[in-house]
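Protein chains in written order, with the UniProt record's numbering: chain F, 1 to 530; chain D, 1 to 530.
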């Protein structure tokens, strides 16, 4: 793939430390492991568009557009709120029976210690196999403020967008997933079978952090290992029609740090007490505050010794991808800040350094704090416990175990062995190369549809894709055309018929992308890797 | 009054600093201003019992016990929850009309910017005047768990206690206050008038922190200034029948410290954002934690420079009172710790030092902490604001203004000028001398009823009694026999007929105490102060 050089720009990371001090926090240096050594930049425009065309399959999609839309609506009208255990069993069976109807030979609802998974194997007699990851659960309807019944599957005309399907799950993730199955249906109707064997492996707990997905994977592990890649149907176009790609996700360590009254460091153990007793009793709240304060510097930079030691230097591929990514983002820095409601990047870093941290650096974030009285006005108590919810995003080669051990060690070294640290969740990061056949296939299909997607080597968010990349050793990618929004908010939607002039793909074009992708991946697997 | 010497005990405060370090936090030294220089101890047994007796008045109380109990029930059946504005107007009028019926010449419901006050003036044609402070509001019924309707005014047999009146306000504070008025009623019925003029000055916002009581005082300030003291009817006997006295209260400064996303120190300003953005955005939660951490040492001792500078050394009287108080408490240290659910005093201090802090030292207490997600399980957000509710108890000569200024200055000096500090409430401490005629009168009446109450120069709690001691320049005391509990909890009660063998005063004996007190105070005002 073509590499372009990014324009030379003086890097403040190269300034003498003294000058950086003079400049102050307006230009804070990034943490040490993020130093990079190439200016080469990846450009997705250099990739040749996929040349395949399947007019007989496309024709089926055009003919069946109403039936296919009705499939999406049928899925959206079945509530499946994992957090509230609402409609979960029904949705799992609906997905399984749809797979059966589509010609999947083996299908099963897969019991777990939590909500069940769904398995389906489509035997196309092909040499290669694609695993399709799906999630059949959705967020709760809350927060309220919906224009329509969140489970009515209604079509709504939205100015500037076109005709959208507005329902919980419309874009996250039922819409894209059923669109993918519509594409498969059209292939089967037109050509008898898809060019690859398919394994659908779905879970009903994605919105809960996928606690039991490893159990589902374990059940089929031998068969899954023989597959060639994992794909997650996802609408990636923004409102303006720009699609994007990402090749990796961060891992996470999610902890609760709790200080409680105890025999060693004191404080009330049974219940809150009157606030005046602070004169003679120890305070778990102050203990928590003091313990937390040792974890960062006054300006919020991680202060746990060795916390970044496991972070490997960005690879040459990652650097090229990142350089390409930042080139595309320079123009709209103000817009990016406005989108998150902030006036500056962390500690005044430049856009490039902030973006580098998002891709390559770990974090230590307070998600929540709670102790004692949190209502309006005056109430004087000395709380007997104080809790912080803290997460850390992990990049290669960090692991949740090692990160947790470093935090524990640091707290102990500072005399805070009375602070309980509970791991609520944890998994490592996941990564796929841009050189993998799956990546090349997805990108070439984007190119066919006129897209030059920015390709992030990694997003700042976390997902347990390590089960694919690490447990199964497979490339894993999410992608697709289409635009939706409101995933965890009211009025979630996915565009069905875009407004005139829009660059957003409608339902049929989104389905065509998935048709092409199956053929493109089958072709890419035939070619030698570059 | 007789002074006794407390037994000599080696004071760890006198140990060399190096040895204290070796001993470590198991015996932390008290803050510097608390050093004392006398071993003399006040003994309330040295005070002569009040010699007065009013059998004609007592007889009325015995005769009218059912009607008088019915008065308490009538008050308790009228809800008056200030926090919920429930029954406030009705209770204010009920109190006013009761005062009128009792012979108060002038009565008024007093409008304020909040709930109204109630004023009543009883002109006995006497030389001296006693102000009776009352609060007619009660706490909400919550938390639930009541055995009876909280506003039914029911009599309940409680094993070990006897027959109790169980209702919200039974002991805090309607029961004792109406018992006081029953005592006045008996005096008027038997003797035509009380030995003192009386001013009842009540508020309906005590449970809200008395925000508008100064307005009520201001309205009658000239008349109030000419009074001789202020009395607050209060059942002070514990379950075993031991009464207690206190001569002062701490002041308070109640603050909210808030960190919010802002243009200078960054962070999301509009709403929480995704937790993964911690890689590139500043965190108001970390700012708050770091700012709070500068206010104390790692083990929770106040670290604000100069914060104790305004604290005056305990006076000789305060020291004698304190020494007497501690003598009486030595035996049951384990019980005291158990009562608050703690295994040790603050930083391992000895009982005496912990008790000294409760009486003489200021505090800095976290009442509440809140930021972001505080529910169960995993949710990853970067909150755009974080809030701490902090109170500081103030002792002479601290003021809320000075304390707040020191905290602000310290935050600014440490670079935390982005932390907003809001004062929600603040008032100075209040103090009455044991030598005041009111104190001598109350103590002598306790002695008449066989009590040798421990006398605290000050309690650890706060009340805005400065309006009496400072604004009006009057002695102020709370006191009385009787036992009740559950003031801010379910099943609040006051004992009406104690169980056989109990040392707790029943309703009639409690009323006799108030009869005696009025005469004792009138007498004490005739005697020269010692």
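Virtual Cβ for every residue (Gly too), placed ideally from N, Cα, C.
For chain F, find out if any of its Cβ atoms is closer than 8 Å to the Cβ of residue i; answer yes or no.
i                      : result
residue 381 of chain D : yes
residue 458 of chain D : no
residue 358 of chain D : yes
residue 115 of chain D : no
residue 308 of chain D : no
residue 296 of chain D : yes
residue 332 of chain D : no
residue 374 of chain D : yes
residue 26 of chain D  : Residue placement at residue 26 of chain D cannot be trusted, given a pLDDT of 43 that sits under 50; what the coordinates show is reported in the next sentence. Answer no: the Cβ-Cβ gap between residue 26 of chain D and chain F never drops below 8 Å.
residue 370 of chain D : yes
residue 277 of chain D : yes
residue 263 of chain D : yes
Under 7 Å Cβ to Cβ from residue i, same chain only, skipping five residues before and after it: list those, please.
i                      : result
residue 216 of chain F : 110, 112, 117, 201, 203
residue 508 of chain D : 61, 62, 65
residue 304 of chain F : 295, 406, 407, 410
residue 107 of chain D : 96, 99, 100, 119, 120
residue 22 of chain D  : Confidence is the limiting factor: at residue 22 of chain D the pLDDT is only 39, short of 50, which leaves the residue's position unreliable, though a coordinate-based value still follows. Counting only Cβ-Cβ distances below 7 Å, and skipping sequence neighbours, we find nothing.
Does any residue of chain D have a CB that is nearer than 8 Å to the CB of residue i?
i                      : result
residue 210 of chain F : no
residue 378 of chain F : yes
residue 75 of chain F  : no
residue 238 of chain F : no
residue 268 of chain F : yes
residue 365 of chain F : yes
residue 280 of chain F : yes
residue 289 of chain F : yes
residue 515 of chain F : no
residue 389 of chain F : yes
residue 274 of chain F : yes
residue 23 of chain F  : Since pLDDT at residue 23 of chain F reaches only 39, below the 50 mark, its modelled position is unreliable, and no value is offered.
residue 393 of chain F : yes
Let me check understanding here. Comparing Cα to Cα, which of the options lies closest to residue i?
i                      : options                    : result
residue 276 of chain F : D:257, D:355, D:287        : D:355
residue 297 of chain F : D:100, D:302, D:416        : D:416
residue 578 of chain D : D:236, D:85, D:437         : As shown, chain D starts at 1 and ends at 530. That puts residue 578 of chain D outside it, with no answer to give.
residue 364 of chain F : D:467, D:205, D:286, D:224 : D:286
residue 449 of chain F : F:214, F:515, F:170, F:73  : F:515
residue 300 of chain D : F:434, F:444, F:267        : F:267
residue 426 of chain D : D:401, D:414, D:444, D:434 : D:401
residue 441 of chain F : F:67, F:130, F:392         : F:130
residue 87 of chain D  : D:436, D:524, D:139        : D:139
residue 349 of chain F : D:511, D:278, D:67         : D:278
residue 534 of chain D : D:496, D:491, D:500, D:519 : No answer is possible for residue 534 of chain D: the residues shown for chain D start at 1 and end at 530.
residue 443 of chain D : D:506, D:520, D:393        : D:520
residue 164 of chain D : D:386, D:390, D:239        : D:239
Within its chain, find whatever has a CB closer than 6 Å to the CB of residue i; leave out the 5 residues flanking it on each side and keep chain order.
i                      : result
residue 503 of chain D : 241
residue 526 of chain F : none
Is residue i near the ligand GDP, in the sense that its beta carbon is under 7 Å from a heavy atom of that ligand?
i                      : result
residue 299 of chain D : Summarising the ligand content, the structure contains no ligands, and the ligand GDP is consequently not present.
Among the residues of its own chain, which have a CB less than 8 Å from the CB of residue i, if the five just before and after it don't count?
i                      : result
residue 404 of chain D : 253, 255, 421, 423, 426
residue 134 of chain F : 95, 118, 173, 177, 200, 201, 202, 203, 232, 233
> What residues in the region 404 to 426 of chain F bring their beta carbon closer than 9 Å to a beta carbon of chain D?
Replying inline: 414, 415, 416, 424, 425
> Any residues in the region 119 to 138 of chain D with a beta carbon nearer than 8 Å to a beta carbon of chain F? Which ones, in chain order?
Replying inline: none
> Which of the residues in the region 244 to 256 of chain D, read from start to end, lie with their CB under 9 Å from any CB of chain F?
Replying inline: 250, 252, 254
>> Check whether the region 243 to 256 of chain D and the region 439 to 458 of chain D touch, using three or more Cβ-Cβ pairs below 8 Å as the test.
In response: yes
> Just checking, does the region 214 to 229 of chain D make contact with the region 165 to 181 of chain D on the three C-beta pairs under 8 Å criterion?
Replying inline: no
>> Would you call the region 301 to 321 of chain D in contact with the region 392 to 400 of chain D, where contact means no fewer than 3 C-beta pairs closer than 8 Å?
In response: yes
> Using a beta-carbon distance cut-off of less than 9 Å, what residues from the region 451 to 475 of chain F approach chain D?
Replying inline: 459, 460, 461, 462
> Does the pairing of the region 147 to 155 of chain F with the region 33 to 40 of chain F give three or more beta-carbon distances under 8 Å?
Replying inline: no
>> Within 8 Å, do at least three Cβ pairs link the region 342 to 362 of chain F to the region 261 to 269 of chain D?
In response: yes
> Would the region 117 to 128 of chain F and the region 183 to 200 of chain F be scored as touching if the rule is three or more Cβ pairs under 8 Å?
Replying inline: yes
>> Which residues of the region 341 to 353 of chain F have a Cβ closer than 8 Å to any Cβ of chain D? Give them in chain order.
In response: 341, 342, 343, 344, 345, 346, 347, 348, 349
>> Please list, in chain order, the residues of the region 142 to 167 of chain F that have any C-beta partner in chain D closer than 9 Å.
In response: none
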